[in-house]
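Accompanying notes for the structure given below.
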Amino acid sequence: MIKDPLYDLFIIGGGIHGAGIAADATLRGLSVILCEQGDLASGTSSHSSKLIHGGLRYLEQKEFSLVRKSLKERDVLHQKASYLVRPLRFVIPQQPQMGRPSWLIWLGLKLYDHLYHSKFFLSSQTMRDKIFSVPLKAAFQKGFIYSDAQTSDARLVITNAIAAHQKGADIYTRTRFETAQPMGNYWLVTVRDLLTEQTRTIRAKCLVNAAGPWLDDVLMNRLHLTHEKKLQLVKGSHLILKRFYQGEHGYLFQHTDGRIVFVVPYQHDFVLIGTTDVLFEESMGNPKTVITASVEEEQYLLRLVNEYFQQTLCHEDILYRYAGVRPLVAGDKDNISKQSRDYRCVVQEEQGLPLLSIVGGKLTTYRQVAEDALNLLQPYFPKMKPCTTQHALLPGAVIAIDEVSYEQSFLRRYSWLPPELAQRYLRSYGMRAELFLGETHSLPELGIHFGCGLYQAEVDYLIREEWAQTSDDILWRRTVLGLRMTLPQAVELENYVLEKKWTYSS
Ligand SMILES: Cc1cc2nc3c(=O)[nH]c(=O)nc-3n(C[C@H](O)[C@H](O)[C@H](O)COP(=O)(O)OP(=O)(O)OC[C@H]3O[C@@H](n4cnc5c(N)ncnc54)[C@H](O)[C@@H]3O)c2cc1C
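Position 104, counted from 1, in the sequence shown is what the numbering used here calls 104; the numbers after and before it change by one each time, with no gaps.
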């Protein structure tokens, strides 16, 4: 029999905001369906700088409340999933001609430490330590060091989707929201399965527009509710290079134009350099549209880092580049790098039915966005429970014992795993790695080896439990092994995934 439930929420978009709202709503007892036109996190939420941060730069724009809120969330998210949101120390090499005077940076860092007193992140320090100046040019002999956190953006999305699904949410990927009409006491929603091109209708009491940079497309072209854009789209690009410095710290480099660029250790053997701010006035297109980093953006980033590092980095050193589009609250087009990164949750009614839109926001504040957004829906769901996400652990988070003791017992139990692979499992899945490692005692028991430490047991788990449907879903969003795999290895994986997917769906 075909299920035709009346859902409380229909969520459009499986980025961090859609997944975060689904996780919060299910904890509050609402029934939820989430539809994502591509893969989970295939939009902006896998193309970020992957930082959970207060946003030191926003202090200059006097966005104190946003910075405080973000710093608080940094602690909250670290507690909810410490395997996924990990402290990272940043070095700011200082030379007055590179940007701000030393006293201003120090003042900013002290304010950063004081806006929210963190339980987990070390406070800022001045430094003259040679160890940190090794990869830098000799001119940089002093600077500062401060703390923020690094995450895997796509895994944070998927982990929230898992949390929602564990509490009963239905999650559909490759399913596009087409349109919706108010029909008495519910929205009649039409969705299209993008693999079969078939459409179906779904009933829900409330629509949630968490389509990120597609927010205006949903409001203007699918719901025909407005002609006015709510968003300013701003592209940002990143470069990935082979790791060329020792140490687990990142760098924050200042440009003379006031902008900043991060260089952070990435996936053990790589570094991530970004980002840029470029007005994006094209259409967002369909989920397969690839937005690329331009030559100018690449040159801008290389020029800046070459001002700081002894080693000259060039075009040939770049292994991979990606670009994402920030959905910012519409504002001053002439100064896009200074445009607010804050968010707005807006509820409007159509024939008495609620439509909630998430405008703007950052990865860092997603949990707070979900809390604020759902609080706005209280009048429509009077029996909705209060928010509990601040203290609810995310799937995979270590329960009962501390993380270090858990990691030690994991490494003892699976002592036959190569150390790098064990670390990757722990950083990606936390305790959930046990779901596919189970009672195995050797590598051959993990099945086919697709290369670069990707075994069948993990692939099967990702298809079965994490909505992976293609090799790209696995290589770029769930593991980032795409950086290491050869084309023939990726093709072998794609063939396996296609075959396996049909086994699961039939
Ligand atoms: C370059 C860059 C660097 C950044 N760095 C950071 C950082 O370090 N830290 C931080 O906190 N924030 C950062 N951000 C901001 C952060 O990444 C975004 O604010 C956040 O990912 C937006 O999430 P979202 O869920 O709103 O949008 P998205 O992730 O884009 O999700 C929206 C989803 O909706 C889907 N969708 C759209 N239309 C439909 C439809 N009709 N039917 C079904 N699905 C649909 C899309 O496919 C998409 O997956 C950065 C952003 C950029 C661009």
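The beta carbon of each residue, even a glycine, is placed where N, CA and C say it ideally should be. Quick caveat, the model's predicted, so the values are computed rather than measured.
Closer than 6 Å to a non-hydrogen atom of ligand 1 - does that hold for the CB of residue i?
i           : result
residue 249 : no
residue 363 : yes
residue 45  : yes
residue 225 : no
residue 470 : no
residue 476 : no
residue 176 : yes
residue 37  : yes
residue 416 : no
residue 422 : no
residue 65  : no
residue 51  : yes
residue 81  : no
residue 530 : With the chain covering only 1 through 506, there is no way to say anything about residue 530.
residue 48  : yes
residue 12  : yes
residue 16  : yes
residue 287 : yes
residue 331 : no
In the DSSP assignment, what are the bridge partners of residue i?
i           : result
residue 187 : 182 and 204
residue 93  : 143
residue 482 : Residue 482 pairs with nothing; no bridge assigned.
residue 170 : 33
residue 199 : 192
residue 254 : 260
residue 472 : For residue 472, which the question treats as bridged, DSSP gives no partner whatsoever.
residue 86  : 150
residue 266 : 270
residue 209 : 12 and 357
May I ask which residues mark the beginning and end of the beta strand (DSSP E) holding residue i?
i           : result
residue 354 : 353 to 360
residue 350 : 343 to 350
residue 69  : Unbroken run through residue 69 is the alpha helix (DSSP H), 64 to 80; no beta strand (DSSP E).
residue 273 : 270 to 274
residue 450 : 449 to 451
residue 541 : Here the chain covers residues 1 to 506 and nothing more, so residue 541 does not appear.
residue 125 : 125 to 127
Rounded to whole angstroms, how far is the Cβ of residue i from the Cβ of residue j, which I believe are closer than 8 Å?
i           : j           : result
residue 164 : residue 23  : 5 Å
residue 329 : residue 344 : 6 Å
residue 240 : residue 395 : Not confirmed; about 28 Å, so no contact.
residue 48  : residue 219 : Actually they are not in contact, since the Cβ atoms of residue 48 and residue 219 sit about 24 Å apart, beyond 8 Å.
residue 512 : residue 137 : Outside the shown range of the chain (1 to 506) lies residue 512, about which nothing can therefore be said.
residue 144 : residue 105 : 6 Å
residue 277 : residue 234 : 6 Å
Inspect the beta-carbon positions of residue i and residue j and report whether they are closer than 7 Å.
i           : j           : result
residue 175 : residue 387 : no
residue 275 : residue 236 : yes
residue 291 : residue 323 : yes
residue 476 : residue 353 : no
residue 74  : residue 19  : no
residue 45  : residue 208 : no
residue 77  : residue 67  : no
residue 52  : residue 201 : no
residue 478 : residue 452 : no
residue 473 : residue 39  : yes
residue 261 : residue 270 : no
residue 16  : residue 231 : no
residue 212 : residue 43  : yes
residue 302 : residue 313 : yes
residue 446 : residue 455 : yes
residue 436 : residue 458 : yes
residue 70  : residue 486 : no
residue 28  : residue 385 : yes
residue 89  : residue 249 : yes
residue 147 : residue 87  : yes
Got a sec, what are the start and stop residues for the alpha helix (DSSP H) residue i sits in?
i           : result
residue 8   : Residue 8 -> not in any alpha helix (DSSP H); beta strand (DSSP E) instead, spanning 6 to 12.
residue 429 : 419 to 429
residue 236 : Note, residue 236: premise wrong, no alpha helix (DSSP H); beta strand (DSSP E) at 231 to 242.
residue 299 : 295 to 308
residue 456 : 456 to 465
residue 18  : 16 to 27
residue 110 : 102 to 115
residue 408 : 403 to 413
residue 373 : 366 to 376
residue 436 : 433 to 437
If we define contact as Cβ-Cβ less than 7 Å, is residue i a contact residue for chain C?
i           : result
residue 384 : Absent here is chain C; the protein component of the structure consists of one chain.
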